[in-house]
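In our numbering, the protein residues as written are 24 to 239.
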């Protein structure tokens, strides 16, 4: 399992050396780490936000425009947005390595429009699907004042049959001050079976180690 985790976490670190706008870690002197969630919003998002709030955990969500468009904010998207930092995860989760620059720009723009329309938030960060960075993406981010947020700790919650205790152990091996941890908002069952036990255990471990969560 360690080799698989190593493979998930090395490419973003390499990509972050290409440009200052590409970030895989945010070094700091306060032992802050950054919990992030990709692929939402889903039927679990509100439950997840409530759970994080109950744990006093702040986080960052990277949302796809197509999911935002169908997401029910109960008519109060601004209140929802006030509880979390929201970033751009493209409109339809296409792989940037397969996209022309114009299509990539349109996907980012459409997602940003959807997020702003529903929440009033103008995303200042973008996470490319699969963490795939291209020169065109870097150029667009620089021109639009965006940060490209990758990670240095992929929890692996999307892997079939993943054991929560293994996830926690592997993450704790890699977490350091400034680490960006990736999880996924993949619906209510994933929230109940994986995210709740993982976040609870991870929070205990990182507090014991002197870390705390912050938002990007």
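Note that beta-carbon positions come from the ideal geometry of N, C-alpha and C, so glycine has one too.
In three-state terms, what does DSSP make of residue i?
{"i": "residue 253", "result": "The question about residue 253 has no answer here: the residues shown for the chain are numbered 24 through 239."}
{"i": "residue 207", "result": "strand"}
{"i": "residue 237", "result": "strand"}
{"i": "residue 39", "result": "coil"}
{"i": "residue 221", "result": "helix"}
{"i": "residue 127", "result": "helix"}
{"i": "residue 90", "result": "helix"}
{"i": "residue 97", "result": "coil"}
{"i": "residue 102", "result": "helix"}
{"i": "residue 115", "result": "coil"}
For residue i, I'd like the list of residues in its chain whose CB is within less than 6 Å of its CB, leaving aside the five on either flank, ordered along the chain.
{"i": "residue 191", "result": "224 and 225"}
{"i": "residue 60", "result": "84, 206 and 208"}
{"i": "residue 139", "result": "145"}
Near residue i, what residues of its chain come up, given a Cβ to Cβ distance below 7 Å and the 5 sequence neighbours on each side ignored?
{"i": "residue 63", "result": "84, 86, 90 and 208"}
{"i": "residue 159", "result": "124 and 127"}
{"i": "residue 74", "result": "219"}
How many angstroms separate the CA atom of residue i from the CA atom of residue j?
{"i": "residue 197", "j": "residue 115", "result": "30 Å"}
{"i": "residue 72", "j": "residue 220", "result": "15 Å"}
{"i": "residue 32", "j": "residue 100", "result": "33 Å"}
{"i": "residue 164", "j": "residue 222", "result": "31 Å"}
{"i": "residue 127", "j": "residue 119", "result": "7 Å"}
{"i": "residue 82", "j": "residue 123", "result": "31 Å"}
{"i": "residue 35", "j": "residue 151", "result": "11 Å"}
{"i": "residue 178", "j": "residue 236", "result": "15 Å"}
{"i": "residue 4", "j": "residue 53", "result": "The structure shown does not extend to residue 4, since the chain spans only 24 to 239, so no value can be given for it."}
{"i": "residue 98", "j": "residue 142", "result": "10 Å"}
{"i": "residue 195", "j": "residue 93", "result": "35 Å"}
{"i": "residue 201", "j": "residue 43", "result": "15 Å"}
{"i": "residue 96", "j": "residue 229", "result": "32 Å"}
{"i": "residue 153", "j": "residue 112", "result": "10 Å"}
{"i": "residue 39", "j": "residue 156", "result": "9 Å"}
{"i": "residue 168", "j": "residue 182", "result": "33 Å"}
{"i": "residue 149", "j": "residue 110", "result": "6 Å"}
Can you check DSSP and say which residues form a bridge with residue i?
{"i": "residue 45", "result": "171"}
{"i": "residue 84", "result": "60 and 109"}
{"i": "residue 202", "result": "48"}
{"i": "residue 69", "result": "Answer is none; residue 69 lacks a bridge partner."}
{"i": "residue 55", "result": "235"}
Who are the near neighbours of residue i in its chain, counting only those whose CB is closer than 8 Å to its CB and skipping five residues on each side?
{"i": "residue 133", "result": "88 and 114"}
{"i": "residue 70", "result": "211 and 214"}
{"i": "residue 161", "result": "41, 42, 44, 45 and 171"}
{"i": "residue 104", "result": "142, 143 and 144"}
Starting from the N-terminal side, write out each stretch of the alpha helix (DSSP H) that is 4 residues or longer and does not extend beyond the segment 135-197.
158-167 and 187-197
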